[in-house]
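Take the sequence shown: its letters are residues 1 to 360, numbered as in the UniProt record's numbering.
Every residue, glycine too, gets a C-beta built ideally from N, C-alpha and C.
Predicted model, so just to flag it, every value in this text is computed and none were measured.
For reference, the structure discussed in these notes is given below.
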Amino acid sequence: MNIAHHMKLGWSLVKEPGKLCNQGVPGPLLSHSTLAIPAAQLEKIVRDYNPVATSLSGLLIVSYRIRTHLWLTAHAQLMTNDRRFQLSLTESPVCTDCPTHVESLAHVFRDCWRARQMWDPLIAGRQRLTFYSSNFLSWLESNLANAYGFQGSCSWPLLFGVVLSKLWEWRNERCFNPSSTKPHSLQDILSYVQDIGLAYQFYHTVAPSSPHQGSQVIEVSWSPPREGWVNLATDGSSCGNPRAATAGGLLRDASGRWIVGFGANVGFCSAWHAELWAVFYGLHLAWAFGYSSIDLSIDYVLVVSLISSASSPVLNTLVSAIRKLLSRNWEVRVRHIYREGNRCVDWLANYSYGLPLGVR
Ligand SMILES: [Zn+2]
Numbered sequence: 001m002n003i004a005h006h007m008k009l010g011w012s013l014v015k016e017p018g019k020l021c022n023q024g025v026p027g028p029l030l031s032h033s034t035l036a037i038p039a040a041q042l043e044k045i046v047r048d049y050n051p052v053a054t055s056l057s058g059l060l061i062v063s064y065r066i067r068t069h070l071w072l073t074a075h076a077q078l079m080t081n082d083r084r085f086q087l088s089l090t091e092s093p094v095c096t097d098c099p100t101h102v103e104s105l106a107h108v109f110r111d112c113w114r115a116r117q118m119w120d121p122l123i124a125g126r127q128r129l130t131f132y133s134s135n136f137l138s139w140l141e142s143n144l145a146n147a148y149g150f151q152g153s154c155s156w157p158l159l160f161g162v163v164l165s166k167l168w169e170w171r172n173e174r175c176f177n178p179s180s181t182k183p184h185s186l187q188d189i190l191s192y193v194q195d196i197g198l199a200y201q202f203y204h205t206v207a208p209s210s211p212h213q214g215s216q217v218i219e220v221s222w223s224p225p226r227e228g229w230v231n232l233a234t235d236g237s238s239c240g241n242p243r244a245a246t247a248g249g250l251l252r253d254a255s256g257r258w259i260v261g262f263g264a265n266v267g268f269c270s271a272w273h274a275e276l277w278a279v280f281y282g283l284h285l286a287w288a289f290g291y292s293s294i295d296l297s298i299d300y301v302l303v304v305s306l307i308s309s310a311s312s313p314v315l316n317t318l319v320s321a322i323r324k325l326l327s328r329n330w331e332v333r334v335r336h337i338y339r340e341g342n343r344c345v346d347w348l349a350n351y352s353y354g355l356p357l358g359v360r
């Protein structure tokens, strides 16, 4: 069986037992089955992982995939040629890029010339001797604890985690898809990390948690678009971050007449992601109906900024897909609206929890 898969599943089961995909896991998998990870081992996995987790607070929030990869690396669960050879899954333990070296974890992530191409520009000359000579696990831990005092504009543990993840991704691409011509460069990694860092900062700037002081009462209601325009109101909803999520949207004309609406069950994601789905479907609908002047109202400030400000980071493909839609040959004005003025689509989004997956 795929040990890595079970380890991943175990981590997910312990940390997020309420997650939909985990609710469907049969009981025996947790206890008596031969496929099971014993409860004591699961606890150990979590305990072992915590020191790494605490030094990666930014990374933990923004990338589940990268932290899972780090965990698998730290627990030697990646199928390097060395490990595959030990399990009699291959005839040679050597690296495909340097035939005189065994492809161990230390080789893939640090000692191979391909890895050194990434590390050398990042590690100051005087620190390279230590960097390239320590024991692999100590190397991993000290880097996650920022022991090398990296002076760049982003967090070293974050950059370190992303480099490791990319090195493994590229290694697999060379093994399993040798015809791929996708460029691999440190520059790609740095811009990706910069995006993550910006997104993290951005999230905390735009979503302050300070209590309201000196609050004033504002009367809020839906306001119609100008004559000749249509209003597209969208809303997303999630039972948690992330949990089951839905989206809703509605097109109305200047007199407030309902033109068309939709509800969507978007599966499992966080609230801001559900909002993005609502905007994405809503814009597609407005385009399909042939409208060219759209007043788009959204009750989530973060989403308004993400899709309408050129300086905002492109967090994921959905943001870039929405920006592409916005750049079509039409006029779309994006504005923030208070939730109280967005009641209709709020209802549509809540109603959509009862719908099957997809748009209705
Ligand atoms: Zn190599």
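**Report entry** Chain-order list of residues whose beta-carbon lies under 6 Å from that of L296 (same chain, five-residue window excluded)
**Finding:** L232, V332 and V334
Query raised in the report: Can you round the beta-carbon distance between W119 and C98 to whole angstroms, since I take them to be within the 8 Å contact cut?
Result: Wrong, their Cβ atoms sit about 16 Å apart, outside the cutoff.
Requested in this report: Would you give the residue range spanned by the beta strand (DSSP E) that A245 belongs to?
Outcome: R243 to R252
Query - Neighbour-count burial assignment, S223, 16 or more Cβ in a 10 Å radius - result: exposed
Query raised in the report: Taking just the CA atoms, how far does W168 sit from W156?
Result: 18 Å
Requested in this report: Would you identify the three-state DSSP class for L296, choosing helix, strand or coil?
Outcome: strand
Requested in this report: Reducing DSSP to helix, strand and coil, say where G256 ends up.
Outcome: coil
Query raised in the report: In whole angstroms, what separates the C-alpha of K166 from that of D253?
Result: 48 Å
Query - Sub-9 Å separation of G236 and W272 beta-carbons - result: yes
Query raised in the report: Which word fits V352, buried or exposed, when buried means at least 16 other C-beta atoms lie within 10 angstroms of its C-beta?
Result: In the sequence under discussion, the amino acid at residue 352 is Ser, which differs from the Val named in the question. Buried, since its Cβ has 16 or more Cβ neighbours within 10 Å.
Query - Whole beta strand (DSSP E) elements within the stretch 106 to 145, 3-residue minimum - result: none
Query raised in the report: With a Cβ-Cβ cutoff of 9 Å, do A286 and V230 count as a contact?
Result: yes
Requested in this report: Can you have a look at G358 and say buried or exposed, based on whether 16 or more other CB atoms are within 10 angstroms of its CB?
Outcome: exposed
Query raised in the report: Assuming V260 and T246 make a contact with CB atoms under 8 Å, what is their CB distance in whole Å?
Result: In fact, because the Cβ distance is near 18 Å, the residues do not count as touching under 8 Å.
Report task. Using the Cα positions of N350 and H101, report the straight-line distance between them to the nearest angstrom. Result -> 57 Å
Report task. Please indicate yes or no: does the CB of H184 lie closer than 8 Å to some heavy atom of ligand 1? Result -> no
Report task. Grab me the residues of W347's own chain with a C-beta within less than 6 Å of its C-beta, minus the 5 sequence neighbours each way, in chain order. Result -> none
Query raised in the report: So what does DSSP say about V46, is it helix, strand or coil?
Result: Any reading at V46 needs caution, since the residue's pLDDT is 43, under 50, leaving its predicted position unreliable; the model's value is listed next. Residue state, collapsed to three classes: helix.
Query raised in the report: Can D120 be considered in contact with ligand 1, in the sense that its beta carbon sits closer than 8 Å to one or more heavy atoms?
Result: no
Report task. Taking only the alpha-carbon atoms, compute the straight-line gap between V193 and L159 and give it to the nearest angstrom. Result -> 6 Å
Requested in this report: Decide if T234 is buried, meaning its Cβ has at least 16 other Cβ atoms within 10 Å, or exposed.
Outcome: buried
Report task. Put C269 into one of helix, strand or coil per three-state DSSP. Result -> strand
**Report entry** Beta-carbon proximity of H75 to G161, cut-off 9 Å
**Finding:** no
Report task. Using 10 angstroms around the beta-carbon of P225, count the other beta-carbons present and answer buried if the total reaches 16, otherwise exposed. Result -> buried
**Report entry** Residues sharing a beta bridge with T68, DSSP
**Finding:** Per DSSP, none; premise fails for T68.
Query - Nearest-angstrom Cβ-Cβ length linking F262 and A244, presumed shorter than 8 Å - result: With 8 Å as the limit, F262 and A244 do not qualify as a contact, their Cβ atoms being about 18 Å apart.
Query raised in the report: When the distance is taken between beta carbons, is F85 closer than 9 Å to R110?
Result: no
Requested in this report: In the DSSP assignment, find the unbroken beta strand (DSSP E) run with E331 in it and report its ends.
Outcome: E331 to H336
Query raised in the report: In chain order, what residues place their C-beta within less than 7 Å of a heavy atom belonging to ligand 1?
Result: C95, D97, C98, H101, E103, H107, C112, W113 and R114
Query - Candidates L276, S270, S238 and S293, of which the one nearest L251 by Cα - result: S293
Query raised in the report: Exposed or buried, what is S104 when buried is set at 16 or more other beta-carbons lying within 10 Å of its beta-carbon?
Result: buried
Report task. Put S305 into one of helix, strand or coil per three-state DSSP. Result -> helix
**Report entry** S142 versus V94: straight-line alpha-carbon distance, rounded
**Finding:** 27 Å
Query raised in the report: For H283, which residues of its own chain have a beta-carbon under 8 Å away from its beta-carbon, when the five flanking residues on both sides are left out?
Result: Position check: residue 283 holds Leu in this sequence, whereas His was assumed. If we look at L283 and ignore the five residues flanking it on each side, its Cβ neighbours are L232, I294, L296, I322, L325, L326 and V332.
Report task. Give me the Cβ distance between C175 and T96, rounded to the nearest whole Å; I'm assuming they're in contact under 8 Å. Result -> 7 Å
Query raised in the report: Are the Cβ atoms of W139 and A106 separated by less than 9 Å?
Result: yes
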